[in-house]
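Residue numbers for the sequence shown, in our numbering: 2 to 503. Idealized CB from N, CA, C, for every residue including glycine.
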Amino acid sequence: MATTAKQKIKASNGNSIDSSLDFNSGWSYSPAPESTDHIEIKDQYELFINGKFVKPAKGKYFPTINPANEKRLSMVAEATKEDVDKAVKAARNAYNNVWSKMPARERGKYIYRIARIMQERAREFAVIETLDGGKTIREARDVDVPLAAAHFFYYAGWADKLEYAFPGKSPHPLGVAGQIIPWNFPLLMAAWKIAPALACGNTVVLKSAETTPLTSLKLAEVIQEAGLPDGVVNIITGAGATGAEIVNHPDINKVAFTGSTAVGKIIQNAIAGTDKKATLELGGKAANIVLDDAPLDQAVEGIINGIYFNQGHVCCAGSRLFIQEDVADIVVRKLKDRMESLIVGDPMDKNTDIGAINSKEQLGVINKYIKIGKGEGAEFYQSSCSLPNGKGFWCKPTLFLNVSQSHRIAQEEIFGPVLAVQTFRTVEEVIEKANNTPYGLSAGVWTDKGAKIFNMTNKLRAGVIWANTYNKFDPASPFGGYKESGFGREGGLHGLAAYLHV
Ligand code: NAI
Ligand code: MG
């Protein structure tokens, strides 16, 4: 019976979608792959400097692959010191001679234009994001791309209203911003960084992450199409060494970084003693807290969304779950039932809930932590789903029960679909446990009582706290952390302040 279902689906499908999902349950969705007909990925990409795509000085390129099948998508230029210097010079020139002199409302028009073109090309962006990074097409389509466009729209509106944002002050731009972004939300992170920088009158050199360069290069095409003056936005590619060249370039006024705490610390050291400003968005180990009066089914959806969304490649992922003791059994049972229904597989399939892990390295990190969790004596549970055969990087949705505070899986960022579950009796106890972490990016609270929400959100040391929801984002809402989660805020008015002298 199981085999028949599998064969039928293969026959009606006929294409290369991996239908090695387990159909043992007897019933399953038919494959619903998004088409790739409408996208163009070049064999090779150059650096976007001073409004043109130019070859890298050293002539070196590196591959970017699709983590769902390990096939090479394209070769991408590796920017070295010379290229970074060229990009910073272009940005400085554009800043001095064009962008800082342009009336603010004209700047706003360009930013709107980028947002509009991005919306028009939304499908293309979503598909490329999924192919290059492994996230599900559903998320790329419904979260990443619309939110990226929303950030350009939002900040376009602020460009000519900065005096109203900071009444009584005379805000002026910082100059050239060096921006370094990670692989978990490639296009969205580019939008978070570029849109407020431009609205405030800065120019930009942005480097995308080495495993996910393609949507930022598409964005460079959109920027070209929008007619943005040459050099206002420069988009370069490369790995950590290229990022370090940006950070250390003497003519950068601001470094905006999102990524690991380890690299955040390196950057902080590198700019100490200079007058470069910095915003650092680093790791997290968020507590998602379920009180016994919470709407439990809704909470279970929030837990699932909080940790399995985007394969857990989310700095604000609800990776520590705290359940009040008297509802712990029922919540864990509901959670396991819901995990069982999650589909892990081809990210291009619209039914897939959990796509591919972004890279072999990251899968290695996740597997290392799963091993550590087992070794620490926590109770291990994974859904019984099967993973696609053969190529690609995959991880089943994973739970650890009976975790204790001292366990490494409760303390360290895993950045994968792995949830550490603990229980608690009182609100005081859970606040203490939740705050007992080197991080402080985000948290979630599930309860029926508004008063409890206000009490807890006051006491939790986290930059973003969701109540009866999780992983909700809006361009108007500031985002950022405490402690080792970094400093500075992105989004909203706070996000403007990070790109201005006020
Ligand atoms: P990473 O911090 O090395 O990479 C992020 C970006 O920084 C990339 O563009 C990279 O090329 C660049 N970079 C690397 N070294 C640099 C340097 N010395 N100077 C300037 N730029 C540099 O993160 P990685 O290695 O990809 O992931 C390692 C861990 O970091 C993950 O397992 C996860 O725990 C965490 N992480 C957190 C993210 C977040 O959103 N907070 C995003 C990505 C990773
Ligand atoms: Mg890739």
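Reduced DSSP category for residue i - H, G, I as helix; E, B as strand; rest coil
i      : result
PHE24  : Residue placement at PHE24 cannot be trusted, given a pLDDT of 48 that sits under 50; the coordinates are not used to answer.
LYS136 : coil
ALA326 : For the sequence presented, residue 326 should be read as Glu rather than Ala. The answer is helix: DSSP assigns GLU326 an H, G or I state.
HIS173 : strand
LEU461 : coil
LEU229 : coil
GLU71  : coil
HIS250 : coil
ASN51  : coil
ILE415 : coil
GLY265 : helix
ILE344 : coil
ALA273 : coil
GLN355 : The sequence given here has Ile at residue 355, not Gln. Strand at ILE355.
Status (buried if at least 16 other CB within 10 Å, exposed otherwise) for residue i
i      : result
TRP28  : exposed
PHE24  : Confidence at PHE24 is low in this model, with a pLDDT of 48, below 50, so its placement is unreliable and the value that follows should be read with caution. PHE24 is buried by the Cβ-count criterion.
PHE455 : exposed
GLY15  : Only weak support is given to the placement of GLY15: the predicted model assigns it a pLDDT of 41, under 50, and the value that follows is read from those uncertain coordinates. Exposed, because fewer than 16 other Cβ atoms sit within 10 Å of the Cβ of GLY15.
LEU188 : buried
TYR30  : exposed
SER320 : buried
LYS219 : buried
THR427 : exposed
LEU494 : exposed
ALA411 : buried
ASN289 : buried
ALA452 : exposed
SER443 : buried
VAL503 : exposed
LYS208 : buried
ARG490 : buried
Residue i CB to nearest heavy atom of ligand 1 below 6 Å
i      : result
PRO476 : no
GLU377 : no
VAL85  : no
GLU341 : no
VAL248 : yes
PHE310 : no
PHE416 : yes
PRO214 : no
GLY284 : yes
ASN185 : yes
SER443 : no
THR81  : no
VAL223 : no
VAL205 : no
ALA411 : no
Beta-bridge partners of residue i, as assigned by DSSP
i      : result
MET76  : GLN45, PRO64
ASN235 : VAL206
GLN299 : DSSP output for GLN299 lists no bridge partner at all.
ASP143 : DSSP, once it has assigned bridges, lists no residue as partnering ASP143.
PRO34  : ASP350
TRP467 : GLY445
HIS408 : According to DSSP, which records beta bridges pairwise, HIS408 is partnered with nothing at all.
ARG321 : ALA288, ALA421
TYR382 : LEU400
GLU491 : PHE480
VAL315 : VAL315 is not bridged to any residue.
ALA257 : GLN180, THR280
ILE331 : Looking at the DSSP assignment, ILE331 forms no beta bridge with any residue, so it has no partner.
LEU501 : PRO174
heavy atom of ligand 2 below 6 Å from residue i C-beta
i      : result
ASP145 : no
THR37  : no
ASP347 : no
ASP133 : yes
ILE237 : no
ILE40  : no
THR137 : no
ILE66  : yes
Residue i CB to nearest heavy atom of ligand 3 below 6 Å
i      : result
GLY319 : Looking for ligand 3 in the displayed structure turns up nothing; the ligands present are ligand 1 and ligand 2.
Quick test of the definition: if touching needs 3 or more C-beta pairs under 8 Å, does the region 364 to 375 touch the region 139 to 147? Not touching, per the Cβ criterion.
When the Cβ atoms of the region 239 to 257 are set against those of the region 170 to 180, are three or more pairs found closer than 8 Å? Verdict: yes, contact present.
Counting Cβ pairs, one atom from each stretch, are 3 or more of them under 8 Å apart for the region 238 to 252 and the region 148 to 167? no
Using 8 Å as the threshold, is the region 275 to 293 in touch with the region 384 to 395, meaning 3 or more CB pairs across them? no
Counting Cβ pairs, one atom from each stretch, are 3 or more of them under 8 Å apart for the region 221 to 239 and the region 108 to 116? yes
Would you check if there are 3 or more beta carbon pairs closer than 8 Å linking the region 124 to 136 to the region 32 to 39? yes
Would the region 299 to 306 and the region 467 to 474 be scored as touching if the rule is three or more Cβ pairs under 8 Å? They touch, by the three-pair rule.
Three or more beta-carbon pairs under 8 Å between the region 431 to 450 and the region 335 to 350, yes or no? no
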